[in-house]
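>
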Amino acid sequence: MGVEIKESTVDDEEFEEMKRFVRDYLAASVESEDHGGRMRWYPWHSAEYRFNHILNVVDIATRIAEREGADIDVVRVAALFHDISKLEADQEVHAEEGARVAREYLEAHGDFPQSFVEQVCQVVADHSYQGPLSDVSLETQSLIEADILDKVGANGTALMLLRMGYEARTHMDAAEMVERVLERGRDATERVNSDAAESIAHKRLTRVKWFREWLEAEVPEMNHEIEDEEADE
Numbered sequence: 001m002g003v004e005i006k007e008s009t010v011d012d013e014e015f016e017e018m019k020r021f022v023r024d025y026l027a028a029s030v031e032s033e034d035h036g037g038r039m040r041w042y043p044w045h046s047a048e049y050r051f052n053h054i055l056n057v058v059d060i061a062t063r064i065a066e067r068e069g070a071d072i073d074v075v076r077v078a079a080l081f082h083d084i085s086k087l088e089a090d091q092e093v094h095a096e097e098g099a100r101v102a103r104e105y106l107e108a109h110g111d112f113p114q115s116f117v118e119q120v121c122q123v124v125a126d127h128s129y130q131g132p133l134s135d136v137s138l139e140t141q142s143l144i145e146a147d148i149l150d151k152v153g154a155n156g157t158a159l160m161l162l163r164m165g166y167e168a169r170t171h172m173d174a175a176e177m178v179e180r181v182l183e184r185g186r187d188a189t190e191r192v193n194s195d196a197a198e199s200i201a202h203k204r205l206t207r208v209k210w211f212r213e214w215l216e217a218e219v220p221e222m223n224h225e226i227e228d229e230e231a232d233e
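Everything in the sequence shown is counted per full-length UniProt numbering, starting at 1 for the first residue and increasing by one.
This is the structure we're talking about:
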């Protein structure tokens, strides 16, 4: 008996069309606001950053889903829509609003099974869940883990350094910023549940540790700052 291969619910062309829709929706969310979007004043919360974050999460979530046996189509479509309302809705309700937009899109485009639509929307709505990941579906877990992991590692470090520049802080504050990324990474390794996500988290955490060591080697005063912080603790 051969191995049954599951036919994809979403083909590449449909997925590319979804990506264009999400990108245009984010841009329109910014343009429709009198002051340039709800969080436009932070450069990394622009439509460009948010779309890039979404694509990162799609990539990570798909990798986790593949290794953990989740429904890949549900995960990657949910990941694509998970933050679509981030720039227009309050943080507390952006997941539910994202699910609403996803439902409207999926029901109006293509001929997707209703069960698929329902599952995607449920995963989007649940992606802000803060409880144990063992309590949610494997698809929701894959998305939540990916959302967490995108803020860890080299990418998380770059975002912190961007924040430094925006706040007009000097490179001497880099030790504090990189330490925040490390703390976030440690928290991530404790929160994620799957073997795939834990592996990604540890690799990303290692990269940040290397970066901090390189900074300490090149900026001697950073070493003193870190030692002072450890002494205060």
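Even for Gly, the Cβ is constructed at its ideal location relative to N, Cα and C. None of the values given here were measured: they were computed from a predicted structure.
(1) Taking C-beta to C-beta, are residue 102 and residue 81 nearer than 8 Å?
(2) Out of curiosity, what's the CA-to-CA distance linking residue 178 and residue 210?
(3) What are the start and end residues of each continuous alpha helix (DSSP H) run of 4 or more residues lying completely inside the stretch 86 to 148, in chain order?
(4) Counting along the chain, where does the alpha helix (DSSP H) carrying residue 173 start and finish?
(5) Looking at the unbroken alpha helix (DSSP H) that takes in residue 46, where does it start and where does it end?
(6) Taking only the alpha-carbon atoms, compute the straight-line gap between residue 156 and residue 118 and give it to the nearest angstrom.
(7) In angstroms with no decimal places, state the Cα-to-Cα distance between residue 66 and residue 146.
(8) Contact check, residue 8 vs residue 70 under 8 Å by CB: the rounded distance?
(9) Which residues in the same chain have their Cβ closer than 6 Å to the Cβ of residue 158, if we skip the five residues on either side of it in sequence?
Inspection of the coordinates gives the following:
(1) The answer is yes: Cβ separation under 8 Å.
(2) Residue 178 and residue 210 have their C-alpha atoms spaced approximately 11 Å apart.
(3) Every alpha helix (DSSP H) of 4 residues or more that sits fully in the stretch 86 to 148 is shown, in chain order, as 94 to 108, 114 to 126.
(4) For residue 173, no alpha helix (DSSP H) encloses it, and the DSSP letter there is neither H nor E.
(5) For residue 46, no alpha helix (DSSP H) encloses it, and the DSSP letter there is neither H nor E.
(6) Rounded to whole angstroms, residue 156 to residue 118 spans 32 Å at the Cα level.
(7) Approximately 13 Å, taken between the alpha carbons.
(8) Not confirmed; about 14 Å, so no contact.
(9) Once the five neighbours on either side are set aside, residue 158 has no close Cβ partner at all.
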